[in-house]
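The structure appears right after this line, and notes come after that.
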Amino acid sequence: MSKYSMVMSWSEEDQAYIVSVPELPGCMADGKTPTEAVENVEIIIQEWIETALEDGEKIPEPRLFSDREMLKQS
């Protein structure tokens, strides 16, 4: 399981759950269920990292949230 944060939303247009990874620009996937969307984005995260490494780009560190930040988001 990825340590990167994920943001999930529902797309009426696509009739699918969309998951994006804020730390990795352009990294996103969809799925018919929330579980499928997360499973798909896990694959895309690995592909994103592999491509960045091939291109010699720096891989962003996963953002660490403090307990206080987590409470603010609830």
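Counting from 1 along the sequence shown, just add 47 to a position and that's the residue number in the working numbering.
Yeah, the Cβ is synthetic: ideal placement off N, Cα and C, and Gly gets one too.
Where I91 sits in the DSSP three-state scheme: helix
8 Å CB neighbourhood of I106 in its chain, flanking five on each side removed: I96, A99 and L100
Beta-carbon gap between M48 and V68 smaller than 9 Å: no
Residue(s) in a DSSP beta bridge with M75: S67
Own chain partners of N87 with C-beta closer than 8 Å, once the 5 adjacent residues on each side are dropped: V66, A76, D77 and G78
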